[in-house]
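J.: Protein chains in written order, with the numbering used here: chain A, 2 to 567; chain B, 16 to 245. No residue lacks a Cβ here, since even glycine has one placed at the ideal position from N, Cα and C. Fair warning: this is a prediction, and the values are worked out from it, not measured in the lab.
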Amino acid sequence: MAQSAQTVPHGGHEHHESHGLSYYLFPLDHKIIGMQYLFTGMFMALIGGFFAYAFRMQLAFPGMSVPFFGVVSAGEYNSLVTNHGSIMIFWVAMPVLIAAFGNFLIPLMIGCDDMVFPKVNRLSYQIFLLSVIVLITSFFVPGGGFGGAWTAYPPLSANAQYSLTPLGSTLWLTAVALEFVAFLLGGINFVTTVMNSRAPGMKLYDIPIVVWMIVIASILFTASVGPLIAGAVMLFMDQVVGTQFYDPAAGGDPVLWQHLFWFFGHPEVYVVLLPAMGITADVMVTFARKKLFAYRTVLYTAVGTGVLSFTVWAHHQFIAGIDPRMANVFTITTLLISIPIAEMCFVYIATLYGGSITFKTPMLWALAFVAEFLIGGVTGIFLGASGADIYFHDTYFVLAHFHYTFFPIAIIAVYAGLTYWFPKMFGRMMNDTLGKIHFWGTIIPFNMIFLPLFLLGAWGQHRRIYSYQNFPELAGDTMQNLRILATLSLVTMLLFQLVFLYNFFRSMFKGEKAGKNPWRATTLEWTTESPPGHGNWKEMPTVYRGPYEYGTPGRDQDFWPQNEPS
Amino acid sequence: MIESHLPAVSTYAKDIDSLILLIGVLVGFWFFVCQGMFFWLMFKFRAREGHRTTYVTGEEKELARWVHIPHYLVLVCDLFIIVGAVRVWYDVKQNLPEPDATVRVIGQQWAWTFVQPGPDGQLDTPDDIRTVDNLHIEVGKTYHYKLESKDVLHNFSVPVFRLKQDAVPGRVITGWFEATRTGEFDIQCAEICGIGHGIMKGRIKIQSPEEHSAWMAQNSTPAIATASAE
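What follows is the structure in structure tokens.
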């Protein structure tokens, strides 16, 4: 917004025409910072995927020398699963969904020239990059990377004598803490920018859903991360200077960490879920040529989900030694959170009603998000119900459940968003045929990885075990064959990602020129050049209506951009 | 579905399985209704020549009810599940029946130790029977377990009982089980506990009263008791 650029000192403007090396290395432009987050996140996804490949190979073929890795020892196995989880949540889902899309989309969708605090924004990425370097360093220190699970429960995580990874644990924890700082800075920026810098005429109900979702997610993150940072500081001191916050021998309590961790950890699920749902909404309306069904309901349910998500954390701890009466309270709150989420799913389904749907690649991903997330949603009920969780806790049923939520969030919705906004990011179209090959080559193997894992979990297979040969009930051929099926499906799925990478990088330089608005969409980012220049618009837009005016009666065109005067 | 592959061997295992079935039926119904609706709408409203979108906001009363009525029905289903879950939970975790015997279960990296009272029926006396990784119990008897950990978190998990409980250092957590048939089954550690987590296994041997007293007699002479302690 022009006014904000005048009142806020704005380093970027001084270099309006200069696109030297420092513009890309130390940028203030929100689009470049978004790209930095995107490419760093994609790089981390490659590492996270490779880790999954290594430990899945060990599970399917215990003791074999895994190609490109070698024999997976028990300690390495623990480190691989721990860092796979940490990377995929903290270094892929968060930077890509919130930071990359948030940075790229927010100013473009609300019609302003940049974030309110561009230098804070740059600092946010630099701290994030530092956290990446610290994490990667932790894999190569003596003792190896941290292997106490991404939840890092003490005393295992607090005490090198138990974990046997004196340096790995501390570096892992430091990396996570730095990552939190980066996202706190980013989150403050997102919320402030959306509240202060909207284009003239853009009222709160005119903000596209994806922007709202990133804002709500940022608020959830800033509100929930405090206790965890406090917990992390205590854990760090337990590790390094020998305090005993989590050591029962000195009057500490290991369960304290679990409360601090999950008080953050459960809202965190919604921190990444909401932006994913926002992306899905924006893609679905464009390709269904439909107004979002009940915009305000979506918004209210998102806020409701966010508030409720602060009251459910102990469902991760039903059998962790908390007072058993507490489980009753948390079962009720956990099942109640199914109400707003179910409402959201109904609204998304209802959005298709009366539409005119074209199945381009972004739309396939968006539809797949809803269909697959439903599986993740309904299987969560088994785990939220305390009585059933006694059995399912820590089995592969849990693992399959949260992969059916996180995979749609961090992979499917991200692909929906990337393929949808790619023309805006790089000014060229991606190849739709290759996109569809990649889509089916990802979705089919994805289900073939995780559906068998539900079954394995229901039959009692517990998590984080590097070989099931020691457990007679789990070592049978039927279960081993399911493990092999899951692993082969994973390898297939990973290979199909090469199709995406080829399509992505080739289209960046050789794709068909996109023009301003290739999808004939209504929101503001489609009213400027592709890719937008520095400052985003030559003439800043004004907003006249809500974000999803498709098929408005009495108009020739079936879409009505937000910035077009009536 | 679980029992076809993994027998239900405790008094409450069947209750937990029934609860899981109840949830399965309720959420399964919603799952298929949603997916059916979703795919039907995708097919029905695919783009065709000359077809134009219907303009609705979703805030019209007669349309909004298509979302609101199902969502009240979901609430009703939730209430059924909450009641079922709390009842099972109460029986398994909250309400401990009077025990016929007590066994101390100790987790440490990376083995289970079980301490049972000897002939005097008292724990923590010299005639206690200590075993490592193998728990011998008698069918049809109500046991209390007293769960402890010597180092990190562990989880005492007996899948055929549908039982799990974390072991927390510094605490003694009491729970119960009663086996309904004889046999030999797995004990797992279901909480990551370090490099040896994958080898922290045990077996539960559920014996008939005769077998069990024979086992007790065999192991309760002081000499053997000391020997089996390590």
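Could you work out which residues of chain B lie near A:E565, taking near to mean beta carbons separated by less than 9 Å?
T.: Translated into positions along the first sequence, residue 565 of chain A becomes position 564. Those do not exist, as A:E565 stays about 17 Å from chain B at its closest Cβ, beyond 9 Å.
J.: Check the Cβ-Cβ distances between A:K292 and every residue of chain B, and say whether any is below 7 Å.
T.: For the purposes of this step, residue 292 of chain A is taken as the residue at position 291 of the first sequence. So yes, A:K292 belongs to the interface.
J.: Tell me, to the nearest whole angstrom, how far the beta carbon of A:I88 is from that of A:M116; I am working on the premise that it is less than 8 Å.
T.: Translated into positions along the first sequence, residue 88 of chain A becomes position 87. Translated into positions along the first sequence, residue 116 of chain A becomes position 115. That belief does not hold up - the Cβ atoms of A:I88 and A:M116 are roughly 26 Å apart, past 8 Å.
J.: From the DSSP output, in three-state form, read off B:A194 for me.
T.: Translated into positions along the second sequence, residue 194 of chain B becomes position 179. B:A194: strand per DSSP, three-state reduction.
J.: Quick one: which chain A residues come within Cβ less than 7 Å of B:W81?
T.: The sequence position of residue 81 of chain B within the second sequence is 66, counting from 1. Correct list: A351.
J.: Considering only DSSP beta bridges, list what B:H169 is partnered with.
T.: Counted from its first residue, the second sequence places residue 169 of chain B at position 154. According to DSSP, B:H169 bridges with B:A182.
J.: Counting Cβ pairs, one atom from each stretch, are 3 or more of them under 8 Å apart for the region 66 to 73 of chain B and the region 319 to 337 of chain A?
T.: The region 66 to 73 of chain B is not in contact with the region 319 to 337 of chain A.
J.: Residue range of the alpha helix (DSSP H) that A:N79 falls in?
T.: Within the first sequence, residue 79 of chain A is the residue found at index 78, counting from 1. First-last of the alpha helix (DSSP H) with A:N79: A75 to S87.
J.: Taking the CB atoms as reference points, tell me whether A:Y354 and B:L150 lie closer together than 7 Å.
T.: Here residue 354 of chain A refers to the residue found at position 353 when the first sequence is read from its first residue. Here residue 150 of chain B refers to the residue found at position 135 when the second sequence is read from its first residue. Contact: no.
J.: Three or more beta-carbon pairs under 8 Å between the region 202 to 213 of chain A and the region 268 to 286 of chain A, yes or no?
T.: Output reads yes: the region 268 to 286 of chain A touches the region 202 to 213 of chain A.
J.: With distance defined between alpha-carbon atoms, name the residue in B:M231, B:I38 and B:L34 nearest to B:V89.
T.: Here residue 89 of chain B is taken as the residue at index 74 of the second sequence, counted from 1. Looking at the Cα atoms, B:I38 is the closest of the given residues.
J.: Anyone know if the C-beta pair for A:S531 and A:K425 falls short of 7 Å?
T.: On the first sequence, position 530 is the one that residue 531 of chain A refers to. On the first sequence, position 424 is the one that residue 425 of chain A refers to. Yes, the pair counts as a contact, with Cβ atoms nearer than the cut-off.
J.: Determine, for B:H86, whether the minimum Cβ-Cβ distance to residues of chain A falls below 7 Å.
T.: Start at 1 with the first residue of the second sequence, and residue 86 of chain B comes out as number 71. Yes, because at least one Cβ of chain A sits closer than 7 Å to the Cβ of B:H86.
J.: For a contact defined as C-beta to C-beta under 7 Å, what are the partners of B:D129 on chain A?
T.: Taking the first residue of the second sequence as 1, we reach residue 129 of chain B at position 114. In the sequence under discussion, the amino acid at residue 129 of chain B is Phe, which differs from the Asp named in the question. Those within 7 Å of B:F129 in chain A number zero; the least Cβ separation is about 18 Å.
J.: Beta-carbon of B:Q233 versus every beta-carbon of chain A: anything under 7 Å?
T.: Taking the second sequence and counting its residues from 1, the one referred to as residue 233 of chain B is at position 218. It does not; no Cβ of chain A falls within 7 Å.
J.: Residues of chain B with CB under 8 Å from A:G76, in chain order?
T.: As a position in the first sequence, residue 76 of chain A is number 75, starting the count at 1. Simply I210.
J.: Between the C-alpha atoms of A:T493 and B:I17, what's the straight-line distance to the nearest angstrom?
T.: Here residue 493 of chain A refers to the residue found at position 492 when the first sequence is read from its first residue. Here residue 17 of chain B refers to the residue found at position 2 when the second sequence is read from its first residue. Near 29 Å, if we compare the C-alpha coordinates of B:I17 and A:T493.
J.: Can you grab the Cα-Cα spacing for the pair A:L29 / A:V121, in whole Å?
T.: For this step, residue 29 of chain A is matched to residue 28 along the first sequence. For this step, residue 121 of chain A is matched to residue 120 along the first sequence. Going by the C-alpha atoms only, they are around 9 Å apart.
J.: Looking only at its own chain, which residues have a Cβ that is under 7 Å from the Cβ of A:P519, when we skip the five neighbours before and after it?
T.: To locate residue 519 of chain A, count along the first sequence from 1; it is residue 518. Only P424 and M430 meet the Cβ criterion.
J.: Check B:L21 in the structure and name its three-state DSSP category.
T.: On the second sequence, position 6 is the one that residue 21 of chain B refers to. DSSP places B:L21 in coil when its eight states are reduced to three.
J.: Mind checking whether A:W151 and A:G86 have CB atoms under 7 Å apart?
T.: For the purposes of this step, residue 151 of chain A is identified with residue 150 of the first sequence, where counting begins at 1. For the purposes of this step, residue 86 of chain A is identified with residue 85 of the first sequence, where counting begins at 1. Yes, Cβ-Cβ distance for A:W151 and A:G86 is below 7 Å.
J.: I'd like the span of the beta strand (DSSP E) that includes B:Q123, first residue to last.
T.: In the second sequence, residue 123 of chain B corresponds to position 108, counting from 1. Element bounds for B:Q123: A116 to Q123.
J.: DSSP beta-bridge partners for B:W127?
T.: Walking along the second sequence from the start, residue 127 of chain B turns up at place 112. Beta-bridge pairing links B:W127 to B:G122.
J.: At a threshold of 6 Å, does A:V544 count as lining the ligand ATP (C-beta to nearest heavy atom)?
T.: With respect to the ligand ATP, the structure offers nothing, as it holds no ligand at all.
J.: Excluding the 5 residues flanking B:G190 on each side, which residues of the same chain have their C-beta closer than 6 Å to its C-beta?
T.: For the purposes of this step, residue 190 of chain B is taken as the residue at position 175 of the second sequence. Excluding positions up to five away in sequence, the list reads Y160 and Q180.
J.: So A:T443 is in the beta strand (DSSP E); what residue range does that whole segment cover?
T.: For the purposes of this step, residue 443 of chain A is taken as the residue at position 442 of the first sequence. A:T443 -> not in any beta strand (DSSP E); alpha helix (DSSP H) instead, spanning D433 to A459.
J.: Can you tell which of A:F237, A:A218 and A:N79 has the C-alpha that lies nearest to the C-alpha of A:F140?
T.: In the first sequence, residue 140 of chain A corresponds to position 139, counting from 1. A:F140 has its Cα closest to that of A:N79, out of A:F237, A:A218 and A:N79.
J.: I'd like to check one pair, A:G35 with A:V93: are the Cβ atoms closer than 7 Å?
T.: Taking the first residue of the first sequence as 1, we reach residue 93 of chain A at position 92. Taking the first residue of the first sequence as 1, we reach residue 35 of chain A at position 34. Not a contact, by the Cβ cut-off of 7 Å.
J.: Would you list the residues sitting across from B:D201 in a DSSP beta bridge?
T.: As a position in the second sequence, residue 201 of chain B is number 186, starting the count at 1. Answer by DSSP bridge pairing, in chain order: B:R218.
J.: Measuring only the C-alpha atoms, how far is A:V195 from A:L98?
T.: One-based indexing of the first sequence puts residue 195 of chain A at position 194. One-based indexing of the first sequence puts residue 98 of chain A at position 97. Each residue's alpha carbon lies about 17 Å from the other.
J.: Which residues does DSSP list as the beta-bridge partners of B:R145?
T.: Sequence index remark: in the second sequence, residue 145 of chain B carries index 130 (1-based). B:V130, per the DSSP bridge assignment.
J.: Check each candidate in A:T524, A:P554 and A:Y549 and name the one with the smallest Cα separation from A:P108.
T.: Residue numbering aside, residue 108 of chain A sits at position 107 when the first sequence is read from its first letter. The shortest C-alpha separation from A:P108 is found at A:T524.
J.: Let me make sure I understand the geometry here. Which of A:E474, A:I444, A:P446 and A:W538 has the alpha-carbon closest to that of A:L457?
T.: Looking up residue 457 of chain A in the first sequence gives position 456. Closest by alpha carbon: A:E474.
J.: Note down, in chain order, each residue of its chain lying with its Cβ closer than 6 Å to the Cβ of A:L274, except the 5 sequence neighbours on either side.
T.: In the first sequence, residue 274 of chain A corresponds to position 273, counting from 1. Cβ neighbours of A:L274 beyond the five flanking positions: I410.
J.: Quick check: is the beta carbon of B:K216 nearer than 7 Å to any beta carbon in chain A?
T.: Counting from one through the second sequence, the residue named residue 216 of chain B turns up at place 201. Chain A contact via Cβ: present.
J.: What is the DSSP secondary structure of A:S567, counted as helix, strand or coil?
T.: The residue you call residue 567 of chain A lines up with position 566 of the first sequence. Looking at A:S567 - three-state DSSP - the assignment turns out to be coil, as it is neither helix nor strand.
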